[in-house]
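A quick write-up on the structure given underneath.
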Amino acid sequence: MDTKWKIILFAFLISLACQVDAQHRIDGKYLPEPCLQTGTDKPKFGYAIYREVEGEGKKFELVIGYQYEEAYPFVEPVGLARVKKGDKYGFISTTNVMVISARFEEADNFTKKGVCRVMLDGKYGLINDRGFWSSPTSMMP
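Residues -22 to -1, 1 to 119 (mature numbering (1 follows the signal peptide of the UniProt record, and there is no 0)) make up the sequence shown, in order.
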């Protein structure tokens, strides 16, 4: 492999490592990641952090118990994660506070602009990170 391709490969790997690390941090703190409970009839999702323990490597630590039907990663810039409780979607904080109640039939993740598309009563609209409507549901099909 010539030097040109080694440099390109090195730059790509550095870029990839920076992106992966950035996805799991907000304000310098590592975020819990969704994890699935196994060995049960109805598996549930919770959130865990993998901590580096000297001499033992990474250790799994469950920080939000297994209680959700679906769980998605925490997203920037709002620091909330989409979860499904029963048959509705809502959004939790890293301390498992239900910041936006689970009342939506469908929900996407928040965008970089801090809005999220949700469906309520069969109509779509946009909400902000406090759960208030940015665009009313009557404006979208």
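Every residue, glycine too, gets a C-beta built ideally from N, C-alpha and C.
These figures come from a predicted structure and were not determined experimentally.
If I measure Cβ to Cβ from residue i and keep anything under 8 Å in the same chain, skipping five residues before and after, which residues do I get?
i	result
Leu58	Phe52, Phe69, Ile70, Ser71, Val77, Ile78, Phe88 and Asp107
Lys36	Tyr28, Arg29 and Glu30
Gly109	Phe69, Val77, Ile78 and Ser79
Tyr46	Lys22, Phe23, Gly24, Val61, Lys62 and Lys63
Ser113	Gly103 and Leu104
Got a sec? Which residues, its chain only, sit under 7 Å from residue i by beta carbon, not counting five neighbours each side?
i	result
Arg95	Asp86, Tyr102 and Leu104
Glu44	The question names Glu, but residue 44 is Tyr in the sequence shown. The residues are Gln15, Lys22, Phe23 and Gly24.
Val56	Phe88, Gly92 and Asp107
Pro12	Phe23, Tyr25, Ala49, Tyr50 and Pro51
Phe38	Ala26 and Tyr28
Which residues bound the beta strand (DSSP E) around residue i?
i	result
Leu58	Leu58 to Lys63
Lys37	Gly35 to Tyr46
Any idea what DSSP makes of residue i, helix, strand or coil?
i	result
Gly100	coil
Gln15	coil
Ala113	First, the amino acid is wrong: residue 113 is Ser here, not Ala. In the structure shown, Ser113 sits in a strand (DSSP, three-state: E or B).
Lys91	coil
Pro10	coil
Pro21	coil
Val31	strand
Which same chain residues end up closer than 6 Å to residue i when comparing Cβ atoms and leaving out the 5 residues on each side of it in sequence?
i	result
Arg81	Lys66
Asn74	Ile42
So if DSSP puts residue i in a beta bridge, which residue, or which two residues, is it bridged to?
i	result
Ala80	Ala80 pairs with nothing; no bridge assigned.
Tyr50	Paired residues: none, contrary to the question.
Please check the pair residue i and residue j, which I expect to be a contact at CB under 8 Å, by giving their CB distance rounded to whole angstroms.
i	j	result
Leu40	Ala49	12 Å between Cβ atoms; not a contact.
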